[in-house]
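Number of protein chains: 2
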Amino acid sequence: MAGRAAEPEVIWARPERTGRGPRPAYTRADIAAAAVRIADTEGLDAVSMRRVAAELGCGTMSLYNYVPRKEDLYELMVDAAGGEHELWEPGGDWRADMLRVAHQTRALMHRHPWLPRLMSPVYGFSPNALRYLEHCLACLDPLPEPYGTKLELIAMLNGIVTTYVTNELATDERTRSLPWSQERENAMRIAYLGGRVATGEYPRMAAAFAEDAGPIDLEAVFERALGRLLDGFDHSRR
Amino acid sequence: MAGRAAEPEVIWARPERTGRGPRPAYTRADIAAAAVRIADTEGLDAVSMRRVAAELGCGTMSLYNYVPRKEDLYELMVDAAGGEHELWEPGGDWRADMLRVAHQTRALMHRHPWLPRLMSPVYGFSPNALRYLEHCLACLDPLPEPYGTKLELIAMLNGIVTTYVTNELATDERTRSLPWSQERENAMRIAYLGGRVATGEYPRMAAAFAEDAGPIDLEAVFERALGRLLDGFDHSRR
DNA sequence: GCGCACTACGTACGGTGTACGTAACTACGA
DNA sequence: TCGTAGTTACGTACACCGTACGTAGTGCGC
């Protein structure tokens, strides 16, 4: 044999079962579920090959029969989470349908806070990603644009959702895992920013902070962002 | 002493020099520059506390005098990169100015491909982040909206830029570091997707792939995305 | 029924972040 | 002026990581 090349193939391209040898003790779904369970309860950093193997009840290196590299384990996780998208029959109002998609994605990411970090290397072509894409395209059937444009819309929407949820998650993370209270933290941040801003180098930032906005409503911010984004594709509205 | 609490303070809040003890051998700028140099030439994964210390020429644990946690090293890196933003006197056309900002950010991320990954936990409040924000707000002076809205615009723009550049980087990464040619890779992807799509489960995906679009022009895609986003804030255009 | 491809898994290697202890040094309070 | 407290510097050590490799056992395809 001429030295089989390293095979960084996408995991979805290799069959789950070849038919030769003993029948595998676990399915990809089992493995993904175990990893997701760990990530949900102990955080993404707790997901190690050893830990997942232990969760499954097998030796560490046995995992490598199913998952050539850790990165592929991550792909399984993302796909498993993507499987939780519930798809519906589009109703003919593409704006409403895409808003619903976005809200669902956001909810999904809040349920699995590790998702945005793992999705950053692009929404791949896993089975559930394909289903999701197909569903989005179905929602966009009423939009009179070529598929290229529709795919761009989907990409932008996913990007915005990911961005916003990442920020939301970072915020709660910070307020949750701090050794002091949220008021103390806020006070510190204000004090620090105040000190910075008081130098006079950032007059507009100062004005922005002075602008009495009341407590920010993250939901409303998210909704506005979605609306403005869709406006950019909605020629009937301009 | 009542057990000093762990101090997950933002690194920018602690002074670089207290005045007590021997004078430090390096500045934060030195450290950030060393880490950035490593990340640029050897990739982000090569940035370890040991490697950075070696680059500086000091013992590993000495680094911890400057940087309490590795995460703070990352903050230094992001701030250092942010310092490369060249700021100009806004010209009165906020659309043009914001487009220029976006293009500059994109160029910055291409120069430092590790940036998007490190920026995902939100654009913080490092000195250069504040300068950048202030500059964006200055560009938006002609836009008759409250600061809250302007900050939302900036957030969305950064989100979209990050999303797009991340995709671009993932694409070149894949095409660069593969053991086989790009044609081979493309052929494999087409074959895999073709097989998937041929099941008939994804008719719209099939149509999308069939749609003859020629080679996709990433620049143009980026430009269109920016335009559509800004449209959502440009009430004079509707 | 032979052989081969597959499963299972223990060991080991080189790496990681960082807690902790020690020694030298300097600016401040007395 | 002098102690002393707070810093810097850094070696050692620990727990953990991903995974290369070797070996043993298993069951399907020929």
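Order-wise, the sequence lines are chains A and B.
The first sequence maps to residues 140 to 377 in the working numbering.
The second sequence maps to residues 140 to 377 in the working numbering.
Glycine included, each C-beta is placed from N, C-alpha and C at the ideal position.
Identification of residues in the stretch 197-227 of chain A having a C-beta nearer than 8 Å to some C-beta of chain B yields an empty set. In the displayed model, Arg-190/B falls within a helix according to three-state DSSP. Using beta-carbon distances, Thr-157/A does not count as an interface residue toward chain B, since no partner is under 7 Å. In the three-state reduction of the DSSP assignment, Ile-170/B falls in the helix class, which pools H, G and I. Proximity of Ser-265/B to chain A, defined by a Cβ-Cβ separation below 7 Å, is not satisfied.
Pro-255/B is positioned such that its CB atom lies no closer than 7 Å to that of Thr-199/B. Here Val-300/A is near Thr-244/A, since their CB atoms are less than 7 Å apart. With a threshold of 7 Å between beta carbons, Tyr-341/A makes contact with chain B.
Annotation: Cβ neighbours of Arg-256/A in chain B (cutoff 8 Å, chain order): Ser-259. The Cβ-Cβ distance between Ala-174/A and Leu-202/A does not fall below 7 Å. Nearest Cα to Leu-279/A within the set Leu-257/A, Arg-313/A, Met-237/A and Trp-253/A: Met-237/A. Boundaries for His-251/A: no alpha helix (DSSP H) harbours it, and the DSSP string shows neither H nor E there. If you look at Arg-363/A, you'll find it in the alpha helix (DSSP H) that goes 357-370. Going by DSSP, Asp-311/B is part of the alpha helix (DSSP H) stretching over 286-315. Boundaries for Arg-156/B: no alpha helix (DSSP H) harbours it, and the DSSP string shows neither H nor E there. In this structure Ala-347/A is in contact with Leu-276/B, their Cβ atoms being roughly 7 Å apart against a cut-off of 8 Å.
Residues Asp-211 and Glu-214 of the same chain have their beta carbon placed closer than 6 Å to that of Ile-150/A, with the five preceding and five following residues left out of the count. At a cut-off of 7 Å between C-beta atoms, Ile-299/A counts as an interface residue with respect to chain B.
Chain B places no beta carbon closer than 7 Å to that of Asp-311/A, leaving this residue out of the contacts.
At a cut-off of 7 Å between beta carbons, Tyr-165/A makes no contact with chain B. Within the stretch 366-377 of chain A, Gly-366, Arg-367, Leu-368, Leu-369, Asp-370, Gly-371, Phe-372, Arg-376 and Arg-377 place their CB atoms closer than 9 Å to a CB of chain B, listed in sequence order. In the DSSP assignment, Gly-221/A falls within the unbroken alpha helix (DSSP H) covering 209-221. In the structure shown, His-274/B falls within a helical segment according to DSSP collapsed to helix, strand and coil. By the C-beta criterion, the stretch 187-195 of chain B is judged not to be in contact with the stretch 220-237 of chain B, since fewer than 3 inter-stretch pairs fall below 8 Å. DSSP, read as helix, strand or coil, puts Asp-184/A in helix. With contacts defined as CB atoms closer than 7 Å, Leu-365/A and Ala-241/A qualify as a contacting pair.
Trp-253/B sits close to Leu-183/B, with the two beta carbons spaced by under 7 Å.
Contact annotation for Ala-277/A against chain B: Arg-343 [CB-CB distance below 8 Å, chain order].
For Thr-314/A, the closest Cβ of chain B is not nearer than 7 Å.
Among the residues of the stretch 278-292 of chain B, those with a Cβ less than 7 Å away from any Cβ of chain A are Pro-285, Tyr-286, Gly-287, Leu-290 and Glu-291, in the order of the chain. Here DSSP, grouped into helix, strand and coil, assigns Trp-151/B to helix. One thing to note: Tyr-341/B has its Cβ within 7 Å of the Cβ of Leu-269/A. Taking the CA atoms as reference points, Arg-313/A sits about 22 Å from Met-344/A. In this structure, the alpha-carbon of Gly-263/A lies about 30 Å from that of Arg-239/B.
For Met-344/A, the enclosing alpha helix (DSSP H) has its first and last residue at 342-349.
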